[in-house]
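For the sequence shown, the numbering used here gives the first residue as 10, with consecutive numbering after it.
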Amino acid sequence: MLALGFVGWIVIGGLAGWIASKIKGNDAEQGILMNIVMGVLGGVLGGYVLKFFGVDVANKGMIFSFVTCLIGAVVVISIKQYFQKR
């Protein structure tokens with residue numbers, strides 16, 4: 010993936026997690042730490058899914074990385090909400 014370093018991934022993950030929590034309507038339930046965790050997990054999940062389908066994720070740029078994190082975070086939050094309702 011893009012060589013942003015640890016701090017870069019925390020910033021992108023936090024922003025993606027926050028926007029994903031706004032999309033899913035659970036921003037009031039999650040704090041900043043959970044937003045960061047969801048965004049980073051979403052980025053990891055999105056990266057693995059894209060690699061599985063043959064997409065080269067290594068040098069796509071900052072916007073591609075952010076969108077990957079955002080979509081992945083929405084999926085991770087959806088899974089979390091599903092299991093919390095059970």
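Built from N, CA and C at the ideal position, the CB exists for glycine as well.
- Cβ neighbours of D36 within its own chain (closer than 6 Å, five residues either side excluded): S30.
- In the structure shown, Q93 falls within a helical segment according to DSSP collapsed to helix, strand and coil.
- Beta-carbon to beta-carbon, L54 and G81 are separated by about 4 Å, close enough to satisfy the 8 Å threshold.
- The DSSP-derived three-state label of G22 is helix.
- Sequence-distant Cβ neighbours of W18 in its own chain, meaning closer than 8 Å and more than five residues away, are V49, G52.
- DSSP places N44 in the uninterrupted alpha helix (DSSP H) bounded by 41-61.
- The beta carbon of I21 sits closer than 8 Å to those of L13, G48, G52, M71, S74, F75, C78, all from its chain and outside the five residues before and after it, given in chain order.
- With distances taken between CA atoms, A25 lies nearest to N44 out of G34, L59, K33, N44.
- Under the three-state reduction of DSSP, G34 is assigned to coil, being neither helix nor strand.
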